[in-house]
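Since the structure comes first, as structure tokens, the remarks are kept for the end.
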Amino acid sequence: MKKSILLALLGSLAFAGLSATPQTYGAYEDFDAICKDAFGQKARLANWRDIKKAYEKAADKEEFVASLGLESYDQSLIVKNESEYFEEGDRHYIVTLHNGTLPTNYTYLVHDTIDAHTLDLGSWRDIDYPALCIVE
Numbered sequence: 001m002k003k004s005i006l007l008a009l010l011g012s013l014a015f016a017g018l019s020a021t022p023q024t025y026g027a028y029e030d031f032d033a034i035c036k037d038a039f040g041q042k043a044r045l046a047n048w049r050d051i052k053k054a055y056e057k058a059a060d061k062e063e064f065v066a067s068l069g070l071e072s073y074d075q076s077l078i079v080k081n082e083s084e085y086f087e088e089g090d091r092h093y094i095v096t097l098h099n100g101t102l103p104t105n106y107t108y109l110v111h112d113t114i115d116a117h118t119l120d121l122g123s124w125r126d127i128d129y130p131a132l133c134i135v136e
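Sequential numbering from 1 applies to the sequence shown in this note's numbering.
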């Protein structure tokens, strides 16, 4: 499939300009360049505040959450928090779906939450997740 057709299809799936990359990445990548390559020159890595803002504006909260493509707590998307990519040195910021229940069986650090742990801004080491991009 040609790249332009693929980009058009991915763009049509975006909710509030947010789209996840089809590939996964480790922590030490140039995520803004990855987003630009995947979604065009106006794309960048999504910021946690972008997600909070989009969630607040969404008429259908469940549809918004579903649009992120997260189905369980072990799936996450790479984001940044303000201008920071990392918490405590090597813990990269991620957004994770918890559907109101924060698991207690691992050391997931929660830095902020949306709607009582529906979505959480967390951080994790040794990540291998898709990047969440926003097209402005």
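By construction, the Cβ of each residue, glycine as well, lies at the ideal position given by its N, Cα and C atoms.
Since the structure is predicted, the reported quantities are computational estimates derived from the model, not experimental observations.
Quiz item: So is Arg-44 buried or exposed if we call it buried at 16+ other beta carbons inside 10 Å?
Solution: With 16 or more other Cβ atoms within 10 Å, it is buried.
Self-check item: Beta-bridge partners of Cys-35, as assigned by DSSP
Solution: Answer is none; Cys-35 lacks a bridge partner.
Self-check item: Limits of the alpha helix (DSSP H) - the one that Val-65 falls within
Solution: Note, Val-65: alpha helix (DSSP H), 61-67.
Exercise. Could you tell me if Ser-76 is buried or exposed, where buried requires 16 or more neighbouring beta carbons within 10 angstroms of its beta carbon?
Key: Burial call: buried.
Quiz item: Roughly how many angstroms separate the alpha carbons of Leu-18 and Ala-46, rounded to a whole number?
Solution: Leu-18 and Ala-46 have their C-alpha atoms spaced approximately 7 Å apart.
Quiz item: Contact between the segment 28-42 and the segment 50-63: three or more CB pairs below 8 Å?
Solution: Here the segment 28-42 makes no contact with the segment 50-63; the two share fewer than three CB pairs at distances below 8 Å.
Quiz prompt | Sequence-distant residues of the same chain with beta carbon closer than 6 Å to His-98, five excluded per side | solution = For His-98, where only same-chain residues beyond five positions count, the Cβ hits under 6 Å are Tyr-73, His-117 and Asp-120.
Quiz item: If you check the beta carbons only, do Gly-100 and Val-110 fall under 8 Å apart?
Solution: Cβ distance not < 8 Å, so Gly-100 and Val-110 don't count as in contact.
Exercise. Measure the alpha-carbon distance for Trp-124 versus Lys-52 and round it to whole angstroms.
Key: So the alpha carbons of these two residues sit roughly 20 Å apart.
Quiz item: Excluding the five sequence neighbours on either side, which residues of its own chain have a C-beta within less than 6 Å of the C-beta of Thr-113, listed in chain order?
Solution: Result list for Thr-113: Asp-120, in chain order.
Quiz prompt | Check whether Ile-94 and Tyr-55 have beta carbons under 8 Å apart | solution = The Cβ-Cβ distance between Ile-94 and Tyr-55 does not fall below 8 Å.
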